[in-house]
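Peer 1: The number in our numbering is simply the position in the sequence shown, starting from 1, with 39 added.
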Amino acid sequence: MVKGLIFDLDGVIVDTAGYHYLAWKKLASEIGIDIDEQFNQSLKGISRVESLDKILRHGNKQNSFTIEEKNMLSERKNEYYLKLLDNISPKDILPGVLDLIKQANQYNIPCVIASASQNAPTILKKLAIKHYFQSIVDPQSLKQGKPDPEIFLKAARLIDVPAQYCVGFEDSMAGIQALKKARIYAIGIIAEGPLHEADREVYSLTEINIHTLIK
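(1) Count the other C-beta atoms from every protein chain shown that fall within 10 angstroms of the C-beta of Ala-167, then say buried if there are 16 or more, exposed otherwise.
(2) In terms of DSSP beta bridges, what is Glu-240 paired with?
(3) The beta strand (DSSP E) that contains Val-206, what's its start and end?
(4) Going by DSSP, what residues sit across from Val-53 in a beta bridge?
(5) Taking Leu-181 as the reference, which of Phe-172, Lys-169, Lys-164 and Ser-156 has the closest Cα?
(6) Go ahead and pull the three-state DSSP assignment for Tyr-181.
(7) With distance defined between alpha-carbon atoms, name the residue in Val-176, Lys-100 and Ile-249 nearest to Ala-67.
(8) Of the residues Ala-195, Lys-185 and Lys-42, which one's Cα is nearest the Cα of Ile-175?
(9) Give the range of the beta strand (DSSP E) segment to which Val-200 is assigned.
(10) What are the residues that DSSP puts in a beta bridge with Leu-44?
(11) Is it buried or exposed, Ile-228, if we count other Cβ atoms within 10 angstroms and call 16 or more buried?
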């Protein structure tokens, strides 16, 4: 029996990957590092701090900045990203999402956001769907990032549902691996390539409804 739904944000509810890429590319260029869209795929599902570390290693500058300087760079990237998000609105919700979360609410099945993005509350407000979610995991409260299962286990606790009775939605391999480690049924939304470790792969949430999940 499905008793809770756990959603990643970027690539599952809304596609902000392009905005992240533009923001990271701008920041990277300012510190003399060039990244392309293919490299950007390796940043999916991981935190802002981990993303910056990966970019610095890519540019062989992993020892060029202090912790304080890296924090400032992370904040600068976030400022670029938030500026790009100014025009985001409900029209940007990915297909099938709204129907599914409305159905879950009708069946009193709680929904929770488990995303590495610290901007999840802001984005959900801009999309006008924050009220459909019972809770949002605070990524700053986590000790480990995906593929560690910590974020999903915490999400299940926030809605007071055992992990094995939850269904999780992810679009990255790191996210799918984290779901499986948490013993959560994993639905992979295919964007850039297959997610073979998922229990089920779909191209959009239009292929899923609450009735098939309950069955």
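Backbone N, C-alpha and C fix where the C-beta goes; we use that ideal spot for every residue, glycine too.
What you are looking at is a predicted structure, and each value in this text was computed from that prediction instead of being measured.
Peer 2: From the atom records:
(1) The residue you call residue 167 lines up with position 128 of the sequence shown. Exposed, because fewer than 16 other Cβ atoms sit within 10 Å of the Cβ of Ala-167.
(2) The residue given as residue 240 occupies position 201 in the sequence shown. Glu-240 pairs with Gly-227.
(3) Here the question's residue 206 lines up with position 167 in the sequence shown. Counting along the chain, Val-206 sits inside the beta strand (DSSP E) bounded by residues 205-209.
(4) Here residue 53 is taken as the residue at index 14 of the sequence shown, counted from 1. Note: Val-53 is bridge-paired with Asp-49 and Ile-132 in the DSSP secondary-structure output.
(5) As a first step, residue 181 must be located in the sequence shown, where it is residue number 142. Minimum Cα distance to Leu-181 is reached at Ser-156.
(6) As a working note, residue 181 is residue 142 in the sequence shown. Here the sequence assigns Leu to residue 181, which means Tyr is not the residue at that position. Of the three classes helix, strand and coil, the one that applies to Leu-181 here is coil, per DSSP.
(7) On the sequence shown, position 28 is the one that residue 67 refers to. With distances taken between Cα atoms, Ala-67 lies closest to Lys-100.
(8) Looking up residue 175 in the sequence shown gives position 136. Answer by Cα proximity: Ala-195.
(9) Locating residue 200 in the sequence shown gives position 161, where the first residue counts as 1. No beta strand (DSSP E) holds Val-200; DSSP gives it neither H nor E.
(10) As a position in the sequence shown, residue 44 is number 5, starting the count at 1. Paired residues: Cys-150 and Val-206.
(11) Taking the first residue of the sequence shown as position 1, residue 228 is located at position 189. Classification of Ile-228: buried, given that the 10 Å Cβ count is 16 or more.
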